[in-house]
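Report on one structure; see the data block that follows.
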Amino acid sequence: MRASLERNGWPYLPALNERQPEWEPMKNPFDTPERTAFRRTLEDFVDREIRPFADAWDEAGAIPWDLHRKVGALGVWGFGIEQQYGGLGMDDCFMRATYNEVFGMCGAGGVPAALNGRMISVEPIQRLANDEIKSRALPEIVSGRKGSSLAITEPSGGSDVASMQTRARPDGDHYVINGSKTFITGGMTSDFFVVGARTGGDGLAGISLFFVETDTAGFSRSALDRKMGWRCSDQATLYFDDLRVPAENLMGEQDLGFIAIMENFNLERVALIAGALGMMRVCLAESIDWAQSRQTFGKPLIRHQVIRHKIADMSARIDALEAYLNQICWIVNSGEMPVAEICKA
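Numbering of the sequence shown is given in full-length UniProt numbering, commencing with residue 1 and proceeding in unit increments.
Written as structure tokens, this is what we have:
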């Protein structure tokens, strides 16, 4: 075929010889002008406020708290939160996913982890806490002025939530909490915690959620330093020693916290899927850049067919994940929670 093209003087042959593969995200059928503008705003913010500093922050083991306030000003933590509590008064799973995807492309996984620990505690506060707690805590959290964390994982295990050992016993108009939590994201910088504790018997039907503030007597914490990665995302071990919280700090019904925890994990997993998609995009872009600049056997790597096949396979996997994530977001926006699809992604 090439010989035939050369004989007939096909005008595009030189361009075909020189052209380097380019990659762009596939078109999203769910895009709207508002979602596109939202993405561009986030991309500009990450390029300006995060990417130039991400490596230094990761080495230092912390991000400046001013970054929390700047991100809060974007409104990205206000999805699903009523306006009276500082939220947007609306929700959109596509925009939630876009935020996590774009911030996942910032160059250091610890940065979005440090910023977004609050997101998995905001949901149960919004749904389950009383009005006084919501009025006092949510505006501070959503704006980035203060931090919050979900405290579930314990030294004895994390994924096995039903085996939780931290206990809370009723004592008059209070609960007394004893136990510890570990690997808590944002544990050293958060002001508020949503804490899981056992109020009943063993197993699933005996766990409750409590709203705990760090200035409560009996609360202490210690940092988990120099992790293998994500160093600028602080993590901590929390200790509860006869910590007393008012009975009003019980979130939802007693002994039904396990269900609330499992429901909360769904949107957390959507955020993780979107963040992974962003990281995959960075890996592909950097692979293409390297393949174009690295010379082997007298030509760039990108000119070797086997390398092109690998890049094409990477791109196809990214497109497949994006399409699946779009389907999940569409279902969530329709009012359902596609648990199986979320877990498979």
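Glycine included, each C-beta is placed from N, C-alpha and C at the ideal position. It should be emphasised that the depicted structure is a prediction, and the values quoted were computed from it without experimental measurement.
Span of the beta strand (DSSP E), counted from its first residue to its last, around E213
I207 to E213
Check whether E322 and P25 have beta carbons under 9 angstroms apart:
yes
Smallest Cα separation from G187: which of L204, C343, K299 and S149?
S149
Around the Cβ of A320, are there at least 16 other Cβ atoms within 10 angstroms (buried) or fewer (exposed)?
exposed
Rounded to the nearest angstrom, what separates M1 and N326 at their Cα positions?
Any reading at M1 must be qualified, since the residue scores a pLDDT of 46, below 50, and its modelled position is unreliable; the value itself is stated next. Between M1 and N326, the C-alpha separation is close to 40 angstroms.
Could you round the C-beta distance between F79 and D91 to whole angstroms and report it? I think they count as a contact, below 8 angstroms.
5 angstroms
Could you name the residues of the same chain whose beta carbon sits closer than 6 angstroms to that of P300, not counting the 5 residues immediately before and after it, in chain order?
Q292
Through-space distance from M314 to R169, alpha-carbon basis:
52 angstroms
What are the boundary residues of the beta strand (DSSP E) that includes T237?
Q235 to P246
Taking the alpha-carbon of A54 as reference, which of F30, G89, A37 and M105 has the nearest alpha-carbon?
M105
Compare the beta carbon distance of I177 and F210 with 9 angstroms and say whether it is the shorter of the two.
yes
Please list the terminal residues of the continuous alpha helix (DSSP H) segment that includes G104.
C93 to G104
Rounded to the nearest angstrom, what separates G147 and V195 at their Cα positions?
14 angstroms
Taking buried to mean at least 16 other C-beta atoms within 10 Å of its own C-beta, is E286 buried or exposed?
exposed
Cutoff 8 angstroms; reference V46; Cβ partners in own chain excluding five residues on either side:
V102, F103, M105 and C106
What are the residues that DSSP puts in a beta bridge with R253?
In the sequence as displayed, the identity of residue 253 is Glu instead of Arg. Per DSSP, none; premise fails for E253.
How would you call R19, buried or exposed, if buried means at least 16 neighbouring beta carbons within 10 angstroms?
With a pLDDT of 48 at R19, under the threshold of 50, the modelled position of this residue cannot be trusted; read the value that follows with caution. Answer is exposed; the Cβ neighbour count stays below 16.
Have a look at V39 and S233 and give me their C-alpha separation to the nearest angstrom.
It is Arg, not Val, that sits at residue 39 in the sequence shown. Each residue's alpha carbon lies about 24 angstroms from the other.
Might you give, ordered along the chain, the residues of its own chain that have their beta carbon closer than 8 angstroms to the beta carbon of P11, omitting 5 neighbours on each side?
Residue placement at P11 is poorly supported in this model, since its pLDDT is 45, which falls under 50; the coordinates still yield a value, given next. If we look at P11 and ignore the five residues flanking it on each side, it has no Cβ neighbours.
Mapping DSSP to helix, strand and coil, what is F45?
helix
With A129 and M279 assumed to form a contact (beta carbons below 8 angstroms), what rounded beta-carbon distance in angstroms separates them?
With 8 angstroms as the limit, A129 and M279 do not qualify as a contact, their Cβ atoms being about 33 angstroms apart.
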